[in-house]
Structures are given as C-alpha cells and as structure tokens.
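**Student:** Would you mind keeping the following structure in view while I ask a few things?
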Amino acid sequence: MGHTLSKQWVGWTVACLATLLLRQTEPAAAQGRGAAVPTHADSVRGADNPNRSWWDVTFYDLHVRVNPADSSFAGWNRISYRAVQPGQTMQLDLQAPLELDSVVQDGKRLDARQDGDAYLVTLPRGGAAAPVTAYYHGHPGRGRPPRTSGVVWAQDSIGAPWIATTDQLVGASVWWPLKDFAGDEPDSQRIAVTVPDSLVGVSNGRFRGSVRNADGTTTYEWFVSGPINAYGVAANAGRYAHFADTLKGESGPLTLDFWPLAPHLDTARVVWGQAKPMLSCFERWLGPYPWYADGYKLIEAPYLGMEHQSGIAYGNKFLPGYLGRDLSGTGLGLEWDYIVIHESAHEWFGNSISTREPGDLWVHEAFATYAEGLYTECRHDRAAGAKYLIGLRQGIRNTGPIAGPRGVAGWYNSDMYFKGANVLHTIRQLVDDDGKWREILRGLSRTFRHRTVTGADIEEYIARESGLQLGLVFEQYLTTTSVPALEYRVEGDTLSYRWADVVTGFAMPVRVVIQGLGERWLRPTEAWQGLKVPAGTRTAGAADLQVDENFYVTARKAEPGR
Ligand SMILES: [Zn+2]
C-alpha cells in the first residue's frame, strides 16, 4: 500500500516533516530530561503550589482567532473555578512571546504580576470564585525551535494555510492562557476557533455550529463534555473534508468523525477504516471507549501525531507502520497504522486516565505502546502480540530512568514507550492468567475513569488486584537502567541461580526452561539457590537454562564457585 500511495505524496509541502516529529523515537531523543537541571520555569509550571492549590478549574471557555496572514493568535479564556479554600493570588500561565493583555473579573481589570511564563493575579474578592477572563495575543512559539513552538504553520498541496497546535511537554500555555498544571483539569470545555472563511476550524469534542463573521472569518464552536488534560486540547485549521461512521460499541452507538484534508478524502476513507477494528479491540481489552458523549475523531495534521482528546491528530501520511517503518522489526507493525493505533490507545491511558505529575508520563506511553501489542494480538493471536512487544526491545536504550522527578514540567525519556510496554508485558507473565490480566486493564479504566492519577496509583492498583508483590519490580524498571540478570552456574548435579543487577530485595519470579527439568517457575533472590538436576538428563553443549523471552530480563552463566 505504501508504494501505491507514495506518488500521491509527492505534493506534500511541509519541507521536512522529520524535524517536526513530536513522537520521537530517534536516538537523539533518547536522553531523558532528567539529566538537565530543571529551570525555574519548569518547576513553576510543573508543580502544584499555594497559588494553584486553592482553586479548582471547572470550565474553560476558550476563544482563539487563528490568523495565518501574520502567524498570530488572539483571543480570550474565561476561567470558571471553585475555591477549595480561601485564596487571593491565582497563578495563570502564558508563555512568551504571547502577551497577556488583561485579566478581568466582574468587569474590573485585575493586577497581574509576571514571573517568567507565569502571572500572579490578585483577586480582590478572594474565594468568591467569580469567573476570570484572560485576554491575550501574539505569535505563539515565534523564535523557538519547531519542535517546541506549540503551533505548526504549514500549507497543504495547493498552498492553502494548514495550521495545527501541539504542545505536549512544552505546555498548553504556549498558545493559550490557563492553569497549565496536569493535576487540575476542567470538568468540561468550550473551544471556539475563528479562521479565515476559506478554512475549517476543527477541535475537540462535539461540533456545535459555526458563525460567519463580518470580517471574512468564520467561528467554529466545539464542546468537550468531560474533563480534558491541557495538552489534549487542540485547534486545527485547514481545507478539511469530512466523513462519518458509527461503531456499535460496548456502551452503544459511538459516532466516528473523520477530518482529512480535502485532497486526501478517498485515501483517508480506506486507511482510516482501521479505526473500527481498533476501537473494538481496545474496548475488549481496555473497557468501553471513554468519550461516548464526545465521539471519536481523526483529524489530519501537519506533524506525525498527538493524542488530542476525542480528536486524534494524524500525520502518518497514510503509510503503514510508523511512517512506513516497523518499530518492532518483526513485520507485524506494518500491518496497521501506528498513529491510528497508538494515539487512539491514549484515549484510555493519557486522556481518560491522565497523570498529574509530569514525571509519571510513562503511564501514558507504556500503556499506549502496550496496546499496540494488544491490537496485534486481536488481529492474530497471543503469540503475535508478544512477538511484537518483544521486538520493540531493540529500541530500548536504558540511558536513564523512565520515571521522572516530581513537580518538573517537560519530563521525557523515549524508553517510556518500549521499555514501559515490556514492563507491562512482563507483569502479564507474572499474573499468568489472561482473564485476570484483562480484568486488571479494564479495572484500571473503570476505577480511574476521567481522573488524574499518580504513577503510584496505577502501580498499587495492579499490585492489589493481581495479589502480587510488585513494588520492587516497578522500582527496578522505572527508576533504574539495569535489566535484571538471572545468573546461574552448574556444579556437578546442582544448578544454582540468583538475581544480579537488581535493586535490594528484588525477588521477581521468572519462568525458565532447565535442561533435564523442563519448564518451571523459579523464585530467585539475590542469594544463590540450588536445584538438583537428575544425572544423565543433560546433553553436553545444550543450554543449561533458558529464560522465557516474554520476561524483560537477561540470563548469564557465572563461572562455578563465583
Ligand atoms: Zn504516545
């Protein structure tokens, strides 16, 4: 399919899509942010603090005018909230070079003191909780590298403007003013996008209608009926076409809406047909799609992709796999579209279940990547799903931990994808009961539905429901770069084994095949334990011990007497 389609993409006008990839899996992105010293701004944006904790956002009413003529945004966000406790200073976030023009409450302009990309707004009536409106304008991301600009200003194949926001890691405040803190989501949100009449404005949630303005622009109104994380909010503008479908889902009819660029309509009808079997597979394994009220959408974007809630950004060029590549090296990843599958899995893990700590982003990426294996399993069988996930290990670098520091915005380490997925695959082996494992996944979706969580919430849920001691398993894989090594040695008729390269107390059971004994579970610790292997059952030259490859561990033979 990639070959027949490639000709249609000759006209692609984004000069170098590779520079715009936000879902980096390239070597250059392997280093986690943990190595860098967090800036003051990272901490101001990433952490809860007294100017944030006293108020809880209930509704964002965002109005943004997208002006392709001079690459500017302008608009306002009316913020409704409830006071959890008394407070008078409210932190709003808006990143330079955007300018906060004014903050208004009850028709009165409020005092706002700037601290870098944050504004400390003084509310005269404290906890009275009247809505606050922040007016702003400017050139979002101007002067910053494309990957951190928050807005991609592109053109379609006939030179018409094509604009899309994307701000994971860099923060939603790169293009609109808000409480840019992952621990507080509004209960619902309106997004009104104003674009030149020649374009269509597409955003999250349900389309409510459009109004043609007198100045040659049209305002498209969208409404998100549930909580939404800030980086899940997006504005798109382009010459979009539209088609729709319906899925008979677990919770009833689910509307599917597709927004390709007009010239790609026919191609999109074919390639995006994958959405239905994908949604059915994920509903089976992860529980009902989390946003029936808002529906499911795919929206073509001038960058690779992003899990914008109920409006997945798609830029995989309608190629199989990841821009025509299989990240697993097994060939299985070329059977489906990486962006359709991976980003949609984030509707469950990332959008419905969202981490409140930037350093816990591994929860989003580990489960979304693991879901790629589940989709492969749905298409084939358990073995194929496992093969795909095991194949992803070729991309693990182990250069830094996948869990980040607390309260610092922008944490990223690409190992959270492949390694994270393999941690989950390993835990499935420990659970050793597919029905129970599936119920744990569905239980996570049900228990934490539409909520913000910490990584610890997820770890503790899996441990509790599985009845397994997983604390040190998570500690090993999330906070260290060492792969547990099962060391073994053979002396006479005794095979001895122990864990090495592990955190203190690590005692994860593991399934192995021992020559002469066959398949069995071992319960290694850091101390040597021995097993009698019947004399005469071993063949010289054959492996004494093989670890089940479904476990993300290594095995190595130690010299006798070590
Ligand atoms: Zn992802």
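Those letters in the sequence shown? Residues 1466 to 2027, by our numbering.
Glycine residues also receive a C-beta, built at the ideal position from the N, C-alpha and C atoms.
Fair warning: this is a prediction, and the values are worked out from it, not measured in the lab.
1. Tell me whether alanine 1647, by its Cβ, gets closer than 8 Å to a heavy atom of ligand 1.
2. DSSP three-state label for alanine 1493, please.
3. Are proline 1589 and lysine 1573 closer than 9 Å when you measure CB to CB?
4. Are the beta-carbon atoms belonging to methionine 1881 and leucine 1826 less than 9 Å from one another?
5. Can you tell me whether DSSP reads tryptophan 1641 as helix, strand or coil?
6. Here's the rule: buried if 16 or more other CB atoms are within 10 angstroms of the residue's CB, otherwise exposed. What is alanine 1480?
7. Candidates Gln1654, Ala1679 and Thr1684: which alpha carbon is nearest glycine 1666's?
8. Going by the C-beta, is glycine 1815 closer than 8 Å to any heavy atom of ligand 1?
9. Which word fits aspartate 1731, buried or exposed, when buried means at least 16 other C-beta atoms lie within 10 angstroms of its C-beta?
10. Rounded to the nearest angstrom, what separates alanine 1577 and glutamine 1774 at their Cα positions?
11. Taking the C-alpha atoms as reference points, what is the distance between tyrosine 1942 and histidine 1707?
12. Taking three-plus beta-carbon pairs below 8 Å as touching, is the stretch 1959 to 1977 in contact with the stretch 1916 to 1928?
13. Please name the residue in His1602, Asp1571 and Ala1594 whose C-alpha comes closest to that of aspartate 2042.
14. Just to confirm my understanding: we take leucine 1797, look at its own chain, exclude 5 residues before and 5 after, and list those with CB closer than 8 Å. What are they?
15. Could you tell me if glycine 1499 is buried or exposed, where buried requires 16 or more neighbouring beta carbons within 10 angstroms of its beta carbon?
16. Going by DSSP, what residue range makes up the alpha helix (DSSP H) through lysine 1852?
17. Spatial neighbours of arginine 1914 within its chain, please: CB distance less than 7 Å, with the 5 preceding and 5 following residues excluded, ordered by chain position.
18. Taking only the alpha-carbon atoms, compute the straight-line gap between aspartate 1680 and alanine 1625 and give it to the nearest angstrom.
19. To test your reading of the DSSP string, which unbroken beta strand (DSSP E) runs of 3 or more residues are found completely within the stretch 1682 to 1719?
20. Should proline 1492 be labelled buried (16 or more other beta-carbon atoms within 10 Å of its own) or exposed?
21. Assign asparagine 1986 to one of two classes, buried (16 or more other C-beta atoms within 10 Å of its C-beta) or exposed (fewer than that).
22. Apart from the five residues on each side of it in sequence, which residues of its chain come closer than 7 Å, Cβ to Cβ, to alanine 1833?
23. Under DSSP, the alpha helix (DSSP H) around isoleucine 1892 begins and ends at which residues?
24. Leaving aside the five residues before and after asparagine 1694 along the sequence, list all residues of the same chain whose C-beta is less than 8 Å from its C-beta, in chain order.
25. Taking the C-alpha atoms as reference points, what is the distance between glutamate 1686 and arginine 1543?
26. What is the rounded straight-line gap between the Cα of glutamine 1620 and the Cα of tryptophan 1627?
27. Let me check you understand the geometry: is the CB of tyrosine 1761 closer than 8 Å to at least one non-hydrogen atom of ligand 1?
28. Which residues does DSSP pair with threonine 1912 in a beta bridge?
29. How is the beta strand (DSSP E) around phenylalanine 1524 delimited, first residue to last?
30. Is histidine 1890 close to ligand 1? I mean its beta-carbon at under 8 Å from any heavy atom of the ligand.
31. Got a sec, what are the start and stop residues for the beta strand (DSSP E) proline 1742 sits in?
32. Is glutamine 1994 near arginine 1988, with beta carbons less than 9 Å apart?
33. Report the residue from Asp1580, Leu1559 and Ala1593 whose alpha carbon sits nearest the alpha carbon of glutamine 1570.
34. Does the distance between the C-beta of threonine 1834 and the nearest non-hydrogen atom of ligand 1 fall short of 8 Å?
35. Below 8 Å on the Cβ atoms is my contact criterion, and I expect asparagine 1781 with aspartate 1802 to pass it. Report the Cβ-Cβ distance as a whole number of Å.
36. Give the straight-line distance between the Cα atoms of arginine 1488 and alanine 2005, rounded to the nearest whole angstrom.
**Tutor:** To lay it out plainly:
1. no
2. The predicted position of alanine 1493 is uncertain, since its pLDDT is 31 and thus under 50; a value taken from the coordinates is nonetheless stated next. Alanine 1493 falls in the helix class under three-state DSSP.
3. yes
4. yes
5. coil
6. Per-residue confidence for alanine 1480 stands at a pLDDT of 23, beneath the threshold of 50, marking its modelled position as unreliable; the derived number appears in the next sentence. Flag for alanine 1480 reads exposed.
7. Thr1684
8. yes
9. exposed
10. 31 Å
11. 44 Å
12. no
13. Not covered by the structure: residue 2042. The range shown for the chain is 1466 to 2027.
14. Asp1791, Thr1841, His1845, Ala1849, Lys1852, Tyr1853 and Gly1856
15. For glycine 1499, the predicted structure reports a pLDDT of 43, less than 50, and the residue's modelled location is therefore unreliable. The matter cannot be settled from this model.
16. 1847 to 1856
17. Pro1755 and Ser1817
18. 19 Å
19. 1682 to 1689, 1701 to 1703 and 1708 to 1714
20. Any reading at proline 1492 is ruled out, since the residue's pLDDT is 30, under 50, leaving its predicted position unreliable.
21. The amino acid at residue 1986 is misidentified as asparagine; the sequence shows tryptophan. It is exposed - the Cβ of tryptophan 1986 has fewer than 16 other Cβ atoms within 10 Å.
22. His1807, Ala1810, His1811, Phe1814 and Gly1815
23. 1880 to 1896
24. Ala1647, Glu1650, Gln1774, Gly1815, Asn1816, Ser1819 and Thr1917
25. 15 Å
26. 5 Å
27. no
28. Answer by DSSP bridge pairing: none, since threonine 1912 is not bridged.
29. 1520 to 1532
30. no
31. That residue, proline 1742, is in no beta strand (DSSP E); its alpha helix (DSSP H) goes 1740 to 1751.
32. yes
33. Ala1593
34. yes
35. 6 Å
36. Residue placement at arginine 1488 cannot be trusted, given a pLDDT of 39 that sits under 50; what the coordinates show is reported in the next sentence. Their Cα atoms are separated by approximately 48 Å.
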